[in-house]
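Using UniProt numbering, you'd call the opening residue of the sequence shown number 2 and step up by one each time. Below you'll find the structure, written out as structure tokens, and then a few comments.
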Amino acid sequence: PSRSDVYYFGAGPAALPQVVLERASASVLNHDNSGVGLIEQSHRSASSTQIVASACQHLETLLGVPKDGSYTTLWMQGGGTTQFSAVAYNLLGYWVQKSLDANNGDLEAVKAALANAKADYLVTGSWSKKAAEEAQRLLGDELVNVATNSKAATKKFGSIAPEETWNLTPKENNIFSYFCDNETVDGVEFPAFPASLEGTLVAADMSSNILSRRVDVSKYAIIFAGAQKNVGGAGVTLVVIRSDILKTQPTVDTLRKLGLPIPPIMCHYPTLTGASSLYNTLPIFEVFICREVMAGIIARGGLEAQEKVANEKAEELYSSLDQGGIYNVVPEKNVRSRMNICFRIEGGEDVEKAFLKGAEERGLTGLKGHRSVGGLRISNYNSIPQEAAAKLAGWIREFAASRK
Ligand code: PLP
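Structure follows, in structure tokens:
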């Protein structure tokens, strides 16, 4: 089939707007009539620097990042997974340096404070589980507190326990708090910012719902997202960091004396932001794609408009599933993701295979659930047009009718 015959609902890498791919294709061969392709051009050329700077600007415009320099935007490699490590290193570093400053450089006092200190992780799906495990691996179990674990309580991911049941560390001993805003594998999304984390340094993984709704950046210490779902292709990750975190980091010597881990240079945010994302060779082509995608969102009315479209598509898809009579949406209703719609079909795997086969025949592809959980998953990212969601909702209704 050709592109125009297919709507691709894959979870990531995910579909991109046709117009962006056309521009990117032309740039691969000859970027801006320079005679050199974008993949070939130096990351230190004026043109590359301009692409990175404008990608930062678009991101800051869309997210409404304060313009007073209190936040810094960074493009990195290593995917969302590298951020699991970088967040832990840099936020621990910030806490250590603050503690050292408050104790007039007394390392013994910092050690004593560390004995009660913890980073709080909300484990609400496969990705926050991985992030918590990485923090445990790097920082040690003693410094990590899993404040809630949806799977431990209910045997499967698909819910978020009420905030009053979370076992949060008292604020004075909290190093930072971490959550995944949208769990791609399990279809669980936080309906709103978890209020009980307020007053702590909050890091959020928004890999699969970034730019799909408005965000109050001021509530976060770090927001990160792998680009390959809602923003671009695989290979770059965007990070928005509170600037004081970059300025307040311990020396390697301090970390050694405290027996704490030393971040690899590629996870050390101040080094990377100090070089405006170009400490080493950044894949500028991938940043270019993100920039073009973001320019399109801005032109269509920004996140307010994008949020409305995302919600409408999700509502149409969920209502066709709810009314079908044969579908079971995996997560609980109050935490259903607008981006990753996970469901099972009554009758077992053969019926699910028949659904997928019929979908493929209609040009609706990429609907298989993550290999770890099975079932079906509709990824309803920004690039999925309303007519694609409508066509899929139509197939959901038609298949249900055929089973009765
Ligand atoms: N976080 C979330 C929410 C994800 O969906 C993914 C990947 O699908 C990751 C992190 C890991 O990203 P990467 O594969 O870019 O390391």
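Quick reminder that beta carbons are idealized off the backbone N, C-alpha and C, glycines included.
query: Nearest-angstrom Cβ-Cβ length linking S338 and V189, presumed shorter than 8 Å; result: 6 Å
query: Those runs of the beta strand (DSSP E) which lie wholly inside the region 68 to 130 and span at least 3 residues; result: 72 to 77 and 119 to 124
query: Nearest-angstrom beta carbon gap, E184 and S129 [assumed within contact, 8 Å]; result: 7 Å
query: Check: N231 C-beta below 7 Å from any heavy atom of ligand 1; result: no
query: V253 burial status per 10 Å Cβ neighbour count (16 or more: buried); result: exposed
query: Ligand 1 heavy atom lying under 7 Å from the CB of N183; result: yes
query: Beta-carbon proximity of F225 to L202, cut-off 8 Å; result: no
query: Close beta carbons around V21, own chain, < 8 Å, minus the five adjacent residues each side; result: I290, E293, V294 and G297
query: Contact check, Y382 vs A25, beta carbons under 8 Å; result: no
query: Distance between R301 and V29 (C-alpha atoms, nearest Å); result: 26 Å
query: Coarse secondary structure for N34, derived from DSSP in three states; result: helix
query: Reference L377; option with closest CA among S48, R4 and G11; result: G11
query: Proximity test, G36 beta-carbon vs ligand 1 heavy atom, cut-off 7 Å; result: no
query: Contact check, S277 vs G13, beta carbons under 8 Å; result: no
query: Whole runs of the beta strand (DSSP E) within the region 184 to 235, excluding any shorter than 3 residues; result: 203 to 206 and 223 to 227
query: Candidates L304, A27 and G65, of which the one nearest S213 by Cα; result: L304
query: Cβ contact (3+ pairs, closer than 8 Å) linking the region 262 to 271 and the region 89 to 99; result: yes
query: Cβ pair V240, M340 closer than 8 Å; result: no
query: Per DSSP, cross-strand counterpart(s) of L377; result: F344 and K369
query: Cβ-Cβ distance between N168 and A196 below 8 Å; result: no
query: Contact test: S321 Cβ vs ligand 1 heavy atom, cutoff 7 Å; result: no
query: Reduced DSSP category for N329 - H, G, I as helix; E, B as strand; rest coil; result: strand
query: Cβ-based burial, S3 [other Cβ within 10 Å; buried from 16]; result: exposed
query: Inter-residue Cα distance where the pair is I52 and S403; result: 51 Å
query: C-alpha distance - T366 paired with K131, whole-angstrom precision; result: 28 Å
query: Exposure of K230, with buried meaning 16 or more beta-carbon neighbours within 10 Å; result: buried
query: Rounded distance between the beta-carbons of L139 and S86, thought under 8 Å; result: 6 Å
query: Strand pairing of Y9, partner residues [DSSP]; result: T366
query: Any non-hydrogen atom of ligand 1 closer than 7 Å to residue 408 Cβ; result: Coverage of the chain is limited to positions 2 through 405, which leaves residue 408 absent and any answer about it impossible.
query: Outcome for R257 when other beta-carbon atoms lying within 10 angstroms are tallied against a minimum of 16; result: exposed
query: Residue interval of the beta strand (DSSP E) (run including R243); result: T238 to R243
query: W76: CB within 7 Å of a non-hydrogen atom of ligand 1; result: no
query: Closer than 7 Å: G11 CB and nearest ligand 1 heavy atom; result: no
query: Distance between beta carbons of P251 and R98, contact taken as under 8 Å; result: The sequence as given places Gln at residue 98; Arg does not occur at that position. Between P251 and Q98 the Cβ distance is about 5 Å, and since that is below 8 Å, they are a contact.
query: Residue from S219, R345, P171 and G326 whose Cα sits closest to the Cα of I242; result: S219
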